[in-house]
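Quick note: the sequence shown, position 37, residue 37 per the UniProt record's numbering, numbers continuous. All C-beta atoms, glycine included, are put in the ideal place defined by N, C-alpha and C. Quick caveat, the model's predicted, so the values are computed rather than measured. Down below is the structure, laid out as structure tokens.
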Amino acid sequence: LPNNPFTQRNPIGTKVTVIKDLGEKIQTKVKYPAQILSGHSPVVWLEDISGCLLLIDFSIIY
């Protein structure tokens, strides 16, 4: 999804702080552009986080 709003605001290498569900903050970087997984789920891959995260399952602060 190279033209999606997330990827436009957060290209590869962008430093972000992810706030997970229980309030845990993780400083990381965007590893790959956001993509659609299995034809329906928008996800992003971040450094130091195993697997991908659904774009709706976390918050990012700058």
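Whether residue i touches residue j by CB criterion (8 Å)
| i | j | result |
| --- | --- | --- |
| residue 7 | residue 42 | no |
| residue 49 | residue 26 | yes |
Close-in-space but distant-in-sequence residues of the same chain around residue i (CB under 7 Å, 5 per side omitted)
| i | result |
| --- | --- |
| residue 10 | 16, 30 |
Option in the options with minimal Cα separation from residue i
| i | options | result |
| --- | --- | --- |
| residue 40 | 56, 28, 27, 25 | 56 |
| residue 3 | 52, 47, 21, 35 | 35 |
| residue 5 | 52, 21, 44 | 44 |
Same chain only: Cβ atoms within 8 Å of residue i, ignoring 5 sequence neighbours per side
| i | result |
| --- | --- |
| residue 59 | 18, 19 |
Beta-carbon proximity list for residue i, same chain, < 6 Å, skipping 5 on both sides
| i | result |
| --- | --- |
| residue 12 | 30 |
| residue 69 | Since the first residue shown for the chain is 1 and the last is 62, residue 69 is missing from the structure and cannot be characterised. |
| residue 47 | 28, 29, 31 |
Residues sharing a beta bridge with residue i, DSSP
| i | result |
| --- | --- |
| residue 27 | 17 |
| residue 46 | 30 |
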